[in-house]
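**Q** Got a structure for you, questions after.
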Amino acid sequence: MSRTPIMAGNWKMNMDHLGAVSLVQDLGKALEDAGYDPARSEAVVIPPFTDIRSVQTLVEGDKLPLAWGAQDISAHEDGAYTGEVSGSMLAKLGCSYVVTGHSERREYHGETDELVNAKAKKIIEHGMTPIICCGEPLEVRKAGKHVEHTVGQITADLAGIDAADVAKLVIAYEPIWAIGTGETATADDAQEVCGAIRKAVADLYDEATAESVRIQYGGSVKAGNVVEIMSKPDVDGALVGGASLKAGDFAQIVTFYAK
Ligand code: PGA
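If you count by the working numbering, then the sequence shown holds residues 2 to 260, one letter each, in order.
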């Protein structure tokens with residue numbers, strides 16, 4: 002399998018730019034101590050917008066083995082959109098990745114699959130890689146409709162994106178009931194849906210695209226459960242919230258392969 006696992010730390014609305022500098026410095030040290038090998042997993046931090054410039058300066062200055070990204074993007078190019086941040090602004094700050102479709106934005110900001118799709122296209126247009134999030138709420142899981150729900154989201158989120166771009170992007174399966182709750186899906190639950198997403202990509206595009214796209218699991222991933230989750234064939238990494246705010250914990254997650 003040629004997919005390099007990707008471990009991305011979604012800091013959400015935590016850490017000002019001073020906290021970001023100290024967290025990234027600590028993370029650099031923790032990764033070095035853990036014998037981090039970038040060929041075996043890719044480490045990404047996704048801080049709030051206000052921290053990105055500081056993170057960029059530090060990572061570039063100290064040549065740390067980290068990529069960084071943003072938690073959101075405007076679907077518009079530029080102009081009178083108060084409060085929004087454009088793709089060109091993020092690309093200029095060296096962002097490699099941008100998250101779209103996170104359940105917190107779907108739920109608290111009413112973001113639809115149509116908007117997630119428009120944002121994914123903007124991210125690609127500016128030469129960055131989308132991390133497209135999907136996943137079901139508890140009632141959908143209880144009704145046994147989690148695969149159908151998640152595949153439906155991803156099908157809509159990818160509409161009109163061509164195979165070459167899909168092959169390079171990242172999809173994060175995050176069951177909403179497992180986010181920030183301490184409740185992790187089992188490794189088999191993660192595999193069931195990540196496998197179904199890969200199959201959907203094969204059906205929508207082709208086998209080569211499906212083999213190439215990286216699919217993360219997210220939802221209460223920590224040092225203690227990452228190895229089991231990563232043992233599944235269709236799980237190519239993790240989108241990590243809470244545990245990415247502690248350098249030592251996130252370094253353990255990034256270097257899961259050493260356990
Ligand atoms: P969590 O968040 O790891 O704190 O559950 C995951 C996410 O929302 O990306």
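Built from N, CA and C at the ideal position, the CB exists for glycine as well.
#1: Let me check you understand the geometry: is the CB of R232 closer than 6 angstroms to at least one non-hydrogen atom of the ligand PGA?
#2: State the CB to CB distance for the pair K200 and V228, rounded to an integer number of angstroms; the pair is presumed to be in contact (CB under 8 angstroms).
#3: Identify which residue in V117, D237, P39, I254 has its Cα closest to the Cα of I162.
#4: Please go through the same chain and pick out, in chain order, the residues whose beta-carbon is closer than 7 angstroms to the beta-carbon of P138, but skip the five residues on each side of it.
#5: Taking the alpha-carbon of R54 as reference, which of G29, A21, Q217 has the nearest alpha-carbon?
#6: Does T185 come out as helix, strand or coil in the three-state DSSP assignment?
#7: Can you tell which of S104, H150, H18, A168 has the C-alpha that lies nearest to the C-alpha of R4?
#8: Considering just the uninterrupted stretch of the alpha helix (DSSP H) at G36, what are its terminal residues?
#9: May I ask whether a heavy atom of the ligand PGA can be found less than 6 angstroms away from the beta carbon of G62?
#10: Could you check which residue in V148, C135, H127 has the C-alpha nearest to that of T261?
#11: Within its chain, find whatever has a CB closer than 7 angstroms to the CB of I198; leave out the 5 residues flanking it on each side and keep chain order.
#12: Looking at the structure shown, is C195 part of a helix, part of a strand, or coil, going by DSSP?
#13: Are the CB atoms of G70 and V45 within a distance shorter than 7 angstroms?
#14: Residue ranges of each alpha helix (DSSP H) run of no fewer than 4 residues wholly in the region 33–112, ordered along the chain?
#15: Could you tell me how far apart the beta carbons of S97 and T58 are, in whole angstroms, since I believe they sit closer than 8 angstroms?
#16: Rounded to a whole number of angstroms, what is the C-alpha to C-alpha distance between E105 and E61?
#17: For H127 and I133, I'd like the C-alpha separation in whole angstroms.
#18: Which of the three DSSP states is assigned to I180 in this structure?
#19: Does the ligand PGA have a heavy atom nearer than 6 angstroms to the CB of G243?
#20: Going by DSSP in three states, I162 sits in which element: helix, strand or coil?
#21: Tell me whether N11 sits in a helix, a strand or coil according to DSSP, three-state version.
#22: Roughly how far, in whole angstroms, is the beta-carbon of V141 from the beta-carbon of E193, given that I think they are within contact range, below 8 angstroms?
#23: What would DSSP say about V227, mapped onto helix, strand or coil?
#24: Beta-carbon within less than 6 angstroms of R107's beta-carbon, same chain only, minus the 5 sequence neighbours each way: which residues are those?
#25: Which residue's Cα is closest to the Cα of K146: I254, D190, A224?
**A** Reading from the atomic positions:
#1: Looking up residue 232 in the sequence shown gives position 231. A quick correction: the sequence has Ser, not Arg, at residue 232. Of the heavy atoms belonging to the ligand PGA, none sits nearer than 6 angstroms to the Cβ of S232.
#2: Locating residue 200 in the sequence shown gives position 199, counting from the first residue. Locating residue 228 in the sequence shown gives position 227, counting from the first residue. That pair is no contact at about 25 angstroms.
#3: One-based indexing of the sequence shown puts residue 162 at position 161. Distances from the CA of I162 to each of V117, D237, P39, I254 were compared; the closest alpha carbon is that of V117.
#4: As a first step, residue 138 is located in the sequence shown; it is residue number 137 there, counting from the start. Within the same chain, P138 has close Cβ partners I177, W178.
#5: Taking the first residue of the sequence shown as position 1, residue 54 is located at position 53. For R54, the closest of G29, A21, Q217 by C-alpha to C-alpha distance is A21.
#6: As a first step, residue 185 must be located in the sequence shown, where it is residue number 184. Correct three-state label for T185: coil.
#7: Here residue 4 is taken as the residue at index 3 of the sequence shown, counted from 1. Cα-wise, what sits closest to R4 is A168.
#8: Numbered from 1 along the sequence shown, position 35 holds the residue referred to as residue 36. Under the DSSP assignment, G36 falls outside any alpha helix (DSSP H); it carries neither an H nor an E label.
#9: Sequence index remark: in the sequence shown, residue 62 carries index 61 (1-based). Answer for G62: no, Cβ out of range of the ligand PGA.
#10: With the chain represented from 2 up to 260, any question about residue 261 goes unanswered, as that position is not in the structure.
#11: Start at 1 with the first residue of the sequence shown, and residue 198 comes out as number 197. Excluding sequence neighbours, I198 sits near T151, V152, I155, I172, Y174, I216.
#12: In the sequence shown, residue 195 corresponds to position 194, counting from 1. In the structure shown, C195 sits in a helix (DSSP, three-state: H, G or I).
#13: Numbered from 1 along the sequence shown, position 44 holds the residue referred to as residue 45. Numbered from 1 along the sequence shown, position 69 holds the residue referred to as residue 70. Yes; because the gap between Cβ atoms is below 7 angstroms, this pair is in contact.
#14: Those alpha helix (DSSP H) runs which fall completely within the region 33–112 and span 4+ residues are 53–63, 88–93, 104–109.
#15: Locating residue 97 in the sequence shown gives position 96, where the first residue counts as 1. Locating residue 58 in the sequence shown gives position 57, where the first residue counts as 1. Not really, about 16 angstroms apart at Cβ, beyond 8 angstroms.
#16: As a position in the sequence shown, residue 105 is number 104, starting the count at 1. As a position in the sequence shown, residue 61 is number 60, starting the count at 1. In this model, E105 and E61 are separated by some 30 angstroms (Cα to Cα).
#17: Residue 127 sits at position 126 when you count from the first residue of the sequence shown. Residue 133 sits at position 132 when you count from the first residue of the sequence shown. As the crow flies, the alpha-carbon of H127 is around 16 angstroms from that of I133.
#18: Walking along the sequence shown from the start, residue 180 turns up at place 179. For I180, the secondary structure class from DSSP, reduced to helix, strand or coil, is coil.
#19: Taking the sequence shown and counting its residues from 1, the one referred to as residue 243 is at position 242. Correct: G243 has its Cβ closer than 6 angstroms to the ligand PGA.
#20: Numbered from 1 along the sequence shown, position 161 holds the residue referred to as residue 162. I162: coil per DSSP, three-state reduction.
#21: Translated into positions along the sequence shown, residue 11 becomes position 10. The three-state secondary structure of N11, taken from DSSP, is strand.
#22: Residue numbering aside, residue 141 sits at position 140 when the sequence shown is read from its first letter. Residue numbering aside, residue 193 sits at position 192 when the sequence shown is read from its first letter. Cβ-Cβ separation between V141 and E193: approximately 14 angstroms, too far for a contact (criterion under 8 angstroms).
#23: Translated into the one-based positions of the sequence shown, residue 227 becomes position 226. Helix at V227.
#24: The residue labelled residue 107 in the question sits at position 106 within the sequence shown. Spatial neighbours of R107 in its own chain (CB-CB distance under 6 angstroms, excluding positions within 5 residues in sequence) are not present.
#25: Translated into the one-based positions of the sequence shown, residue 146 becomes position 145. For K146, the nearest C-alpha among the options comes from D190.
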